[in-house]
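Chemist: The numbers in our numbering rise by one with no breaks, and the one at position 186 of the sequence shown is 202.
In this text, a Cβ means the ideal position worked out from N, Cα and C, and glycines have one as well.
From a predicted model like this one, the values you see are computed outputs, not experimental measurements.
Please read through the structure below; I'll follow up with questions.
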Amino acid sequence: MAGKVSSDPNIFILPDLGEGLEEAELIKWVVKEGDTVGELEVIAEMETDKALVEVPSPRAGTIKTLHGKDGDTIKVGAPFVTYEGGSDDAAAKAAPESPSASSSEEEDRPEDQGSVVGQMSDHTPGMTSTDGKALASPAVRRHARDCGVDINAIAGSGIGGRVTRKDVDQAKASGGSAPKSAPAASAPAAQAPRPSAPAAPAQAATAQGHSQPQRPAETRRPLNLPTTQIPAAHSPQQMNQGQYPQGYPQGYPQQGYPQQQMPPMGAPMGYGYPHPPMYPGYGFPPPPPMGYGYPAPMPMPYGYPQQGAGGVPTAPGYQGPAAHRPIPDPAQQGLVQQGQNEARIPFKGIRKTIANRLRHAVDTAVHFTVVDEADVTALDALRKDVTAQTGVKMTFLPFICAAVSKALAGRFGAMNAIVDDEAAEIVQYGAVNLGIATDTENGLMVPVMRDADRMNVVELAESIAQIAASSRDRSIPREQLMGSSFTISNVGSHAGRFATPVINYPEVAILAVGKAYDGPVVQNGELMVGKVLPLSLACDHRVVDGATAALALAEIVESLQNPESLL
């Protein structure tokens, strides 16, 4: 717990493993009493309200007492481990000090001392390990490289001296190493203000100590492919009205029938327009047989809609129906065993956290949903071309992330925001930090891709694969599970079309993506078979107006239907 330590240097109290946590569940001890451990060696695995966290030993020594057993819920600030040299009686008395004593000592104590036993040297940047490298997750290291900051020169404020994303942001802002007394932040990571951001969010960012240069709305790194132009088959055909295929006589329709000039509606006969010849029982003559001076219908040239099954034409770029994919087993399994009438599962950990947050989101945000469909026939062909050229498996999701980021970084920045209800403020962000809802056996998790508006579609695909895998195996760092400004839920990865998703509070919007299916599309007034993608955008009506949501969804649809704009 930041700013609070044990009075006995041999007693390690459980630190705050996140931001403002009050307790954590002990999953298992990695060590046992009597073991000798080294500094920063993992001693336990704890489950917080977001993720599985490895707790390192703050010092080298021999374990005397482990306080708690697997499955126990341990309060932050309670004795966790006693090392040789300390007494169990002292551990039993090691409780958080009185508020007056704590407040007086916190003024002169670095914030990160709550996560270690004893004093930490102010001259040990990043609590470097034996190889001289700072302790940090791969995501934080990548963020430091993107910011041009030497991560090994940063003083980490995380548990055991780990360097966090917040430390990197502060080092970038100050131009040097981050101070150890870095203030905690409850909002998403520090982000540069949007050039056209309202005054209120800009003032809020200044109050929090974040001052960064303005960034352009469109900063996406280009995707350099050998073929940079979208093939014609990827784009809807633009047929000029009144024109026919080359070599086809003008003035005749494609069916091979002669055109009859007819008078305007309501014009009386005899004003220069011929009377249509009448035939008993028919009214108009049937078309003359072929060979009477009228050409036969010409075959459709390449690039025009082809005939699909049942005579329905297919849209340009249509790749055919997707191969059948069996429905996989869900991550959430029933636990009633054969011969049992029921099973009782403890309602705790991540599952309880999910329930509490969903309940809070429904009770707080005023939900409304707008839905639409995008013709992604051209996108379907393009993604397969990108896969072939890059070797990276491209689904629809990276392109959807690019389309959403483009809208949020552009005209719809009002939706790239959170609501700070306690401060009665709407906080808008310049960078687009996308949360990707991920289904795991432990429940729904939302890992975050930071600065998604700066990534190209291949980088987005690689990042999605990485955070999804680390979420499912519980190796994702806690800091990568917080700080999103907009969430995408790919509910249709296996089934389903439209949805009414629950907003990831305190965000103000979430996009649910349905399953792409073969359906009717209209191009240039012609009905065809194409690939259709359902989209559902849920917003907090306290912040987002209905017209804003509808226009934002329309822009996302337009980007998906013109995929070359996303490269």
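Quick check: the Cα distance between V538 and V529, rounded to an integer number of angstroms?
Modeler: Translated into positions along the sequence shown, residue 538 becomes position 522. Translated into positions along the sequence shown, residue 529 becomes position 513. So the alpha carbons of these two residues sit roughly 21 angstroms apart.
Chemist: Rounded C-beta distance between V524 and M431? I'm assuming under 8 angstroms.
Modeler: For the purposes of this step, residue 524 is identified with residue 508 of the sequence shown, where counting begins at 1. For the purposes of this step, residue 431 is identified with residue 415 of the sequence shown, where counting begins at 1. Between M431 and V524 the Cβ distance is about 6 angstroms, and since that is below 8 angstroms, they are a contact.
Chemist: Compute the beta-carbon to beta-carbon distance between M544 and T385, rounded to the nearest angstrom, for a pair I have assumed lies under 8 angstroms.
Modeler: Residue numbering aside, residue 544 sits at position 528 when the sequence shown is read from its first letter. Residue numbering aside, residue 385 sits at position 369 when the sequence shown is read from its first letter. The pair is not a contact, with the Cβ atoms about 28 angstroms apart (cut-off 8 angstroms).
Chemist: Going by C-alpha distance, which of R181, G177, A171 is nearest R157?
Modeler: The residue labelled residue 157 in the question sits at position 141 within the sequence shown. When only C-alpha atoms are compared, the closest one is R181.
Chemist: Per DSSP, what kind of secondary structure is E49 in: helix, strand or coil?
Modeler: Position 33 of the sequence shown, counting from 1, holds the residue named residue 49. E49 falls in the coil class under three-state DSSP.
Chemist: Compute the Euclidean distance between the alpha carbons of I167 and V184, then round it to the nearest angstrom.
Modeler: The sequence position of residue 167 within the sequence shown is 151, counting from 1. The sequence position of residue 184 within the sequence shown is 168, counting from 1. Whole-angstrom Cα-Cα distance: 7 angstroms.
Chemist: Measuring CB to CB, does V420 end up less than 9 angstroms from L549?
Modeler: The residue given as residue 420 occupies position 404 in the sequence shown. The residue given as residue 549 occupies position 533 in the sequence shown. Cβ atoms of V420 and L549: not closer than 9 angstroms.
Chemist: Determine the direct distance from the alpha carbon of E41 to that of D88, and round the result to whole angstroms.
Modeler: One-based indexing of the sequence shown puts residue 88 at position 72. One-based indexing of the sequence shown puts residue 41 at position 25. When only Cα atoms are considered, D88 and E41 end up about 6 angstroms apart.
Chemist: Roughly how many whole angstroms lie between the Cα atoms of A515 and E389?
Modeler: Looking up residue 515 in the sequence shown gives position 499. Looking up residue 389 in the sequence shown gives position 373. When the Cα atoms are used, A515 and E389 turn out to be separated by approximately 12 angstroms.
Chemist: Quick test of your reading: G77 and E100, contact by CB under 8 angstroms. State the CB separation rounded to the nearest angstrom.
Modeler: Working through the sequence shown from its first residue, we reach residue 77 at position 61. Working through the sequence shown from its first residue, we reach residue 100 at position 84. The beta-carbon separation of G77 and E100, rounded to 6 angstroms, stays under the 8 angstroms limit for a contact.
Chemist: Give the range of the beta strand (DSSP E) segment to which S552 is assigned.
Modeler: Looking up residue 552 in the sequence shown gives position 536. It spans 542-556 - the beta strand (DSSP E) in which S552 sits, taken as one unbroken run.
Chemist: With 16 as the cutoff for other CB atoms within 10 Å, does A532 come out buried or exposed?
Modeler: Residue 532 sits at position 516 when you count from the first residue of the sequence shown. That one is buried.
Chemist: For K91, which residues does DSSP report across the bridge?
Modeler: Reading the sequence shown from its first residue, position 75 is the one you call residue 91. Paired residue(s): E39.
Chemist: Tell me, please, which residues DSSP counts as bridged to F28.
Modeler: Walking along the sequence shown from the start, residue 28 turns up at place 12. DSSP, once it has assigned bridges, lists V97 as partnering F28.
Chemist: Take the Cβ of H340 as the centre, count every other Cβ of all protein chains shown within 10 Å, and call the residue buried at 16 or more, exposed below.
Modeler: Counted from its first residue, the sequence shown places residue 340 at position 324. Result: exposed.
Chemist: If you draw a straight line from the alpha carbon of V559 to that of D437, how long is it in whole angstroms?
Modeler: The residue given as residue 559 occupies position 543 in the sequence shown. The residue given as residue 437 occupies position 421 in the sequence shown. Roughly 12 angstroms separates the two Cα atoms.
Chemist: Can you name the start and end residues of the beta strand (DSSP E) that A433 belongs to?
Modeler: For this step, residue 433 is matched to residue 417 along the sequence shown. 433-436 is the span of the beta strand (DSSP E), which, as asked, contains A433.
Chemist: Check the DSSP bridge columns for V6 and list the partner residues they point to.
Modeler: The displayed coordinates of the chain run from 17 to 583. Any statement about residue 6 would go beyond what the structure contains.
Chemist: Using 8 angstroms as the Cβ pair cut-off and three pairs as the minimum, do the segment 571-583 and the segment 362-369 touch?
Modeler: Touching, no, given that fewer than three Cβ pairs across the two stretches are closer than 8 angstroms.
Chemist: State the beta-bridge partners of E70 as determined by DSSP.
Modeler: If you number the sequence shown from 1, residue 70 lands on position 54. When beta bridges are read from the DSSP output, E70 appears opposite E61.
Chemist: From what residue to what residue does the beta strand (DSSP E) around K80 run?
Modeler: On the sequence shown, residue 80 is found 64 positions in, with the first residue counted as 1. Residues 77-82.
Chemist: Candidates P342, V507, G177, A94: which alpha carbon is nearest S23's?
Modeler: Along the sequence shown, read from residue 1 onward, the residue named residue 23 stands at position 7. Measuring from the Cα of S23, the nearest candidate turns out to be A94.
Chemist: For the putative contact between A418 and V462, defined by C-beta atoms under 8 angstroms, what is the C-beta separation to the nearest angstrom?
Modeler: Taking the first residue of the sequence shown as 1, we reach residue 418 at position 402. Taking the first residue of the sequence shown as 1, we reach residue 462 at position 446. Incorrect: roughly 19 angstroms between the Cβ atoms, too far for contact.
Chemist: For R236, count neighbouring C-beta atoms within 10 Å of its own C-beta (all shown protein chains included) and say buried if the count is 16 or more, exposed if not.
Modeler: The sequence position of residue 236 within the sequence shown is 220, counting from 1. Answer is buried; the Cβ neighbour count reaches 16.
Chemist: So, under 8 angstroms CB-CB, A554 and F428 are touching, yes? Tell me the CB distance rounded to an integer number of Å.
Modeler: As a first step, residue 554 must be located in the sequence shown, where it is residue number 538. As a first step, residue 428 must be located in the sequence shown, where it is residue number 412. The Cβ separation is near 15 angstroms, so there is no contact.
Chemist: May I have the straight-line CA-CA distance separating E475 from A359, to the nearest angstrom?
Modeler: Working through the sequence shown from its first residue, we reach residue 475 at position 459. Working through the sequence shown from its first residue, we reach residue 359 at position 343. Rounded to the nearest angstrom, the two C-alpha atoms are 43 angstroms apart.
Chemist: Please identify the residue among P517, I572, V378 whose C-alpha is closest to the C-alpha of V392.
Modeler: As a working mapping, residue 392 is identified with position 376 in the sequence shown. Minimum Cα distance to V392 is reached at I572.
Chemist: Which residue wins for smallest C-alpha separation from A150, given the options A381, A169, G451?
Modeler: Stepping through the sequence shown from its first residue, residue 150 is reached at position 134. Nearest option by C-alpha distance: A169.
Chemist: Between the Cα of F502 and the Cα atoms of S486, L395, I434, which residue gives the shortest distance?
Modeler: Locating residue 502 in the sequence shown gives position 486, where the first residue counts as 1. Nearest C-alpha to F502 among S486, L395, I434: I434.
Chemist: Along the chain, which unbroken stretches of the alpha helix (DSSP H) at least 4 residues long are found entirely within the segment 455-495?
Modeler: Correct list: 473-488.
Chemist: For the segment 484-494 and the segment 61-75, state whether three or more C-beta atom pairs, one from each stretch, are separated by less than 8 angstroms.
Modeler: yes
Chemist: For my contact list, I79 and V97 are in at a C-beta cut-off of 8 angstroms; report their separation, rounded to the angstrom.
Modeler: Residue 79 sits at position 63 when you count from the first residue of the sequence shown. Residue 97 sits at position 81 when you count from the first residue of the sequence shown. Indeed they touch by this definition, with Cβ atoms about 6 angstroms apart.
Chemist: Taking D556 and V382 to be in contact with their CB atoms under 8 angstroms, please state how far apart those CB atoms are, rounded to whole angstroms.
Modeler: Your numbering for residue 556 matches position 540 in the sequence shown. Your numbering for residue 382 matches position 366 in the sequence shown. The C-beta distance from D556 to V382 rounds to 6 angstroms, short enough to fall under 8 angstroms.
Chemist: Give the C-beta separation of K400 and Q335 to the nearest angstrom, bearing in mind that I take them to be a contact with Cβ-Cβ under 8 angstroms.
Modeler: In the sequence shown, residue 400 corresponds to position 384, counting from 1. In the sequence shown, residue 335 corresponds to position 319, counting from 1. About 7 angstroms; that satisfies the 8 angstroms criterion.
Chemist: Among the residues of its own chain, which have a CB less than 8 angstroms from the CB of S500, if the five just before and after it don't count?
Modeler: Here residue 500 is taken as the residue at index 484 of the sequence shown, counted from 1. Cβ within range, chain order: P204, N449, L450, G451, V462, V464, N520, E523.
Chemist: Cα separation between A394 and G512?
Modeler: Working through the sequence shown from its first residue, we reach residue 394 at position 378. Working through the sequence shown from its first residue, we reach residue 512 at position 496. Near 22 angstroms, if we compare the C-alpha coordinates of G512 and A394.
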